[in-house]
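Undergrad:
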Amino acid sequence: MQLAKQFRLLAGYFHKKPRTIKRELFPLPWKEVILRVLADLVLTNGSMLGAAVIWAGFKPALLSQDPGVVRLITSGQTSIFTYVLLWSVLSITIFHLHGFYTRTRGYVNRYKALVIGRAVSLVIAVFIVVDHFFLLGGFSRAVAVLGWFLMLLSVGGMRLGKDLIVSMYRIEPRVPSPTKVKRVLVLGGAGYLGSALMPKLLAKGYKVRLLDSFVYGDASIAPLRSHPDFEVLKGDVREIHSVVDAMKDCEAVVDLAAIVGDPACDENRRLATEINRAATRMLIDIARGYGVKRFLFASSCSVYGASQFLMDEFSAASPLSTYAQTKVDSEKLLLDVASRDFYPTILRLGTLFGLSPRPRFDLVVNLLTARAAATGKITVFNGQQWRPFLHVNDAARAFMLCIEAESAVVAGEIFNVGDYRLNHQLSEVSEKVASIVPHVEVAHVDNGDQRNYRVSFDKIHPAWASSARSHWKREYASCTHGSGATT
8 MQLAKQFRLL AGYFHKKPRT IKRELFPLPW KEVILRVLAD LVLTNGSMLG AAVIWAGFKP
68 ALLSQDPGVV RLITSGQTSI FTYVLLWSVL SITIFHLHGF YTRTRGYVNR YKALVIGRAV
128 SLVIAVFIVV DHFFLLGGFS RAVAVLGWFL MLLSVGGMRL GKDLIVSMYR IEPRVPSPTK
188 VKRVLVLGGA GYLGSALMPK LLAKGYKVRL LDSFVYGDAS IAPLRSHPDF EVLKGDVREI
248 HSVVDAMKDC EAVVDLAAIV GDPACDENRR LATEINRAAT RMLIDIARGY GVKRFLFASS
308 CSVYGASQFL MDEFSAASPL STYAQTKVDS EKLLLDVASR DFYPTILRLG TLFGLSPRPR
368 FDLVVNLLTA RAAATGKITV FNGQQWRPFL HVNDAARAFM LCIEAESAVV AGEIFNVGDY
428 RLNHQLSEVS EKVASIVPHV EVAHVDNGDQ RNYRVSFDKI HPAWASSARS HWKREYASCT
488 HGSGATT
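In my numbering, the protein residues as written are 8 to 494.
1. How about Phe406 and Lys466: are their beta carbons less than 7 Å apart?
2. Which one or two residues does DSSP pair with Glu448 in a beta bridge?
3. For a test of the three-state rule: what should DSSP assign to Val150, helix, strand or coil?
4. For Ser442 versus Val387, is the C-beta spacing smaller than 7 Å?
5. Closest to Glu281 by CA distance: which of Asp401, Ser54, Lys384, Tyr330 is it?
6. Grouping DSSP H, G and I as helix and E and B as strand, with all else coil, what is Gln432?
7. Comparing C-alpha positions only, which one of Leu97, Arg394, Pro326, Asn389 sits nearest to Val133?
8. What separation, rounded to the nearest whole angstrom, lies between the Cα atoms of Lys505 and Leu408?
9. Do you know how far the Cα of Phe107 is from the Cα of Ser95?
10. Just checking, does the region 212-232 make contact with the region 384-404 on the three C-beta pairs under 8 Å criterion?
11. Within 10 Å of its beta-carbon, does His398 have 16 or more other beta-carbons around it, so buried, or fewer, so exposed?
12. Who does Ile353 pair with in a DSSP beta bridge?
13. Candidates Ser147, Arg347, Phe141, Val152: which alpha carbon is nearest Leu129's?
14. Within a Cβ cutoff of 6 Å, which residues of the same chain sit near Leu48, ignoring the five residues on either side of it in sequence?
15. Buried or exposed: where does Leu69 fall if 16 or more other Cβ atoms within 10 Å of its Cβ makes it buried?
16. Inspect the CB distances between the region 253-267 and the region 286-306 and report whether three or more fall short of 8 Å.
17. Please state if the CB of Ser233 and the CB of Ala197 are separated by a distance shorter than 7 Å.
18. Below 8 Å, can you find three or more Cβ-Cβ pairs linking the region 191-210 to the region 233-248?
19. Distance check for Ala210 and Ile291, CA to CA, integer angstroms please.
20. I need the DSSP call for Gln315, collapsed to helix, strand or coil.
21. By Cβ distance below 7 Å, which residues in the same chain neighbour Ile135 in space, the five residues on each side in sequence not counted?
22. Name the DSSP bridge partner or partners of Thr358?
23. Rounded to whole angstroms, what is the Cα-Cα separation between Ser414 and Phe349?
24. When DSSP labels each residue in this structure, what does Leu217 get in the three-state scheme?
25. What does Val2 pair with, by DSSP beta-bridge criteria?
26. Counting C-beta neighbours from all protein chains within 10 Å, is the total for Arg117 16 or more, i.e. buried, or is it exposed?
27. Assign Lys241 to one of three DSSP states: helix, strand, or coil.
28. Between the alpha carbons of Gly419 and Val260, how many angstroms are there, rounded?
29. Would you kindly report the start and end of the unbroken beta strand (DSSP E) that includes Val335?
30. Roughly how many whole angstroms lie between the Cα atoms of His431 and Val372?
31. Leaving out five residues before and five after Ser307 in sequence, what residues of the same chain have Cβ atoms less than 8 Å from its Cβ?
32. Rounding to the nearest angstrom, what Cα-Cα distance links Tyr230 and Leu362 in this structure?
33. Are the beta-carbon atoms of Ser337 and Thr287 separated by less than 7 Å?
34. Which word fits Pro445, buried or exposed, when buried means at least 16 other C-beta atoms lie within 10 angstroms of its C-beta?
35. Could you please give the first and the last residue of the uninterrupted alpha helix (DSSP H) stretch that includes Arg288?
36. Of all the options Ile410, Leu317, Leu50, which has the alpha carbon lying nearest to the alpha carbon of Arg190?
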């Protein structure tokens, strides 16, 4: 059923957009791919020719038994060209089919080594078969085996060695080239945070393009539709043609598209992984192919997990949930490809609260306030746990400032976004709600939720002073009034 569904979707896609393949090829990072292909050609042919030279040099007594080596070395350009052409075609074709130029950078450790080993082994195996049946076995099998070993060392060593270096050291990107942002693509912008951010972008004079699937409707963007600099595209970040169409002519991308929160991710882990992590790889490739330089990613302070310490951007991530793990994985994908021409910025947001054009009442502050107003009773789970809170308008302002900041300040950086004054225990939040909403009963319950973290904001604070404290009283009152009216 699933396979048939995928084929129907694929057929419909190509029927609707018959020339989409051509459009989708161009966003790929071809400059980088070509360099990697050329490097593989040099390494592959160098390994095989080197094997022949080594065999001839260290085994001169066996030359008479290996006429193929003698022929290769002494017959001149024709024979060498034939073998070089064969090695080149086989290696690039098989390497491409194994994802060397598309997928293997996302592979890690043992699995990546297995994929490389399988590809190199297949190149040699196919070469031996072709040589035996079409070139009359003119190349020594012993030399082919030696070439296989050298190819593993060169092709595999180059890729695995890079991963080893990256894992041992923090690679600082070069100073990024400056760029003036005119058009901003906001992915998932019809949601809670995006609907607060986009009016700010438009007010600053940016052209804003929105890509959203509108799972929760489009009422949040209704006031913006008449704005001349606002463009709306309906689509899914997992669909390559939607992203390709949306990314064109944009200088900056704000990625807010995600299944947000632990309960939502735990309910459908496969969907959460597809949207929160797998789509990030595709977004990166298309953005780089289009020359998009600024890529802002909405992460979460929940990546820190459980700790009694004050966590900063250099603290080790310790995700305790599917949601947090997908954020950590996407952060790594982005930072691994940071360069002078592509500089991602990671914003680890505190627990959001406050009203926006698309309200949410599954966030702890909003939820407690709404329940207090509607029922007069609230339940606080694990009241001694710490959380860094952040008003949704301050979160939107943080994205604005990163777009406007000098490239060198934000390129390849992680920022905890929040304010020291809003590191609170959940019990304190309930007390604040009870002080604003009269006659509220507060119940305290412990469960198995282990998340507990306080966060340092020293890194971002000099450039961004939160006004969140002033939002507490105003937004609690607004939430209370709104909840009561809705009920």
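Ideal Cβ placement from N, Cα and C applies to all residues, glycine included.
TA: The relevant details are as follows:
1. Reading the sequence shown from its first residue, position 399 is the one you call residue 406. Reading the sequence shown from its first residue, position 459 is the one you call residue 466. No. Outside cutoff.
2. Translated into positions along the sequence shown, residue 448 becomes position 441. Per DSSP, the beta-bridge partners of Glu448 are Lys384.
3. Walking along the sequence shown from the start, residue 150 turns up at place 143. Note: Val150 maps to helix in three-state DSSP.
4. In the sequence shown, the residue the question calls residue 442 occupies position 435. In the sequence shown, the residue the question calls residue 387 occupies position 380. Val387 sits away from Ser442, with the two beta carbons spaced by 7 Å or more.
5. Numbered from 1 along the sequence shown, position 274 holds the residue referred to as residue 281. Distance from the Cα of Glu281 is smallest, within the candidate group Asp401, Ser54, Lys384, Tyr330, for Tyr330.
6. Looking up residue 432 in the sequence shown gives position 425. In this structure, Gln432 counts as strand in the three-state DSSP scheme.
7. The residue labelled residue 133 in the question sits at position 126 within the sequence shown. Cα-wise, what sits closest to Val133 is Leu97.
8. In the structure as shown, the chain begins at 8 and stops at 494. Residue 505 is therefore absent and cannot be evaluated.
9. Against the sequence shown, residue 95 aligns to sequence position 88. Against the sequence shown, residue 107 aligns to sequence position 100. Between Ser95 and Phe107, the C-alpha separation is close to 15 Å.
10. Segments in contact, no.
11. Locating residue 398 in the sequence shown gives position 391, where the first residue counts as 1. Classification of His398: buried, given that the 10 Å Cβ count is 16 or more.
12. On the sequence shown, position 346 is the one that residue 353 refers to. Answer is Phe304, Ile421, bridged to Ile353.
13. Position 122 of the sequence shown, counting from 1, holds the residue named residue 129. The residue among Ser147, Arg347, Phe141, Val152 with its C-alpha nearest the C-alpha of Leu129 is Val152.
14. On the sequence shown, residue 48 is found 41 positions in, with the first residue counted as 1. If the five residues before and after Leu48 are omitted, its C-beta is found closer than 6 Å to the C-beta atoms of Ser95, all from its own chain and listed in chain order.
15. Translated into the one-based positions of the sequence shown, residue 69 becomes position 62. Residue placement at Leu69 is poorly supported in this model, since its pLDDT is 48, which falls under 50; the coordinates still yield a value, given next. By the neighbour-count criterion, in which 16 or more other beta carbons inside 10 Å mark a residue as buried, Leu69 falls on the exposed side.
16. The region 253-267, when compared against the region 286-306, does touch it at the 8 Å Cβ threshold.
17. The count along the sequence shown starts at 1 and reaches residue 197 at position 190. The count along the sequence shown starts at 1 and reaches residue 233 at position 226. No.
18. Counting Cβ pairs under 8 Å, three or more are found: they touch.
19. Here residue 291 refers to the residue found at position 284 of the sequence shown. Here residue 210 refers to the residue found at position 203 of the sequence shown. Taking the Cα positions, Ile291 is about 28 Å away from Ala210.
20. Reading the sequence shown from its first residue, position 308 is the one you call residue 315. Gln315 falls in the strand class under three-state DSSP.
21. Along the sequence shown, one-based indexing puts residue 135 at 128. Take Ile135, set aside five residues on each side of it, and the residues of its chain with a beta-carbon closer than 7 Å to its own are Arg148, Ala151, in chain order.
22. Along the sequence shown, one-based indexing puts residue 358 at 351. Thr358 is bridged to Phe396.
23. The sequence position of residue 414 within the sequence shown is 407, counting from 1. The sequence position of residue 349 within the sequence shown is 342, counting from 1. Cα atoms of Ser414 and Phe349: separation of roughly 10 Å, rounded to the nearest angstrom.
24. Locating residue 217 in the sequence shown gives position 210, counting from the first residue. Strand.
25. What the structure shows of the chain is the stretch from 8 to 494, and residue 2 is not part of that stretch, so it cannot be assessed.
26. For the purposes of this step, residue 117 is taken as residue 110 along the sequence shown, with counting starting at 1. Result: exposed.
27. The sequence position of residue 241 within the sequence shown is 234, counting from 1. In the three-state DSSP reduction, Lys241 falls in the strand class (E or B).
28. Counting from one through the sequence shown, the residue named residue 419 turns up at place 412. Counting from one through the sequence shown, the residue named residue 260 turns up at place 253. Approximately 14 Å between the Cα atoms of the pair.
29. On the sequence shown, position 328 is the one that residue 335 refers to. Premise fails: Val335 lies in the alpha helix (DSSP H), 329-343, not in any beta strand (DSSP E).
30. Position 424 of the sequence shown, counted from the start, is the residue given in the question as residue 431. Position 365 of the sequence shown, counted from the start, is the residue given in the question as residue 372. Computed Cα separation, rounded: 11 Å.
31. Position 300 of the sequence shown holds residue 307. Result list for Ser307: Tyr330, Ala331, Lys334, Arg355, Leu356, in chain order.
32. Walking along the sequence shown from the start, residue 230 turns up at place 223. Walking along the sequence shown from the start, residue 362 turns up at place 355. In the sequence on display, residue 230 carries Pro and not Tyr. CA-CA distance, Pro230 to Leu362, rounds to 16 Å.
33. Looking up residue 337 in the sequence shown gives position 330. Looking up residue 287 in the sequence shown gives position 280. In this structure, Thr287 lies closer than 7 Å to Ser337 by Cβ.
34. Counted from its first residue, the sequence shown places residue 445 at position 438. So Pro445 counts as exposed.
35. Counting from 1 along the sequence shown, the entry for residue 288 is found at position 281. It spans 286-296 - the alpha helix (DSSP H) in which Arg288 sits, taken as one unbroken run.
36. Locating residue 190 in the sequence shown gives position 183, counting from the first residue. Nearest C-alpha to Arg190: Ile410.
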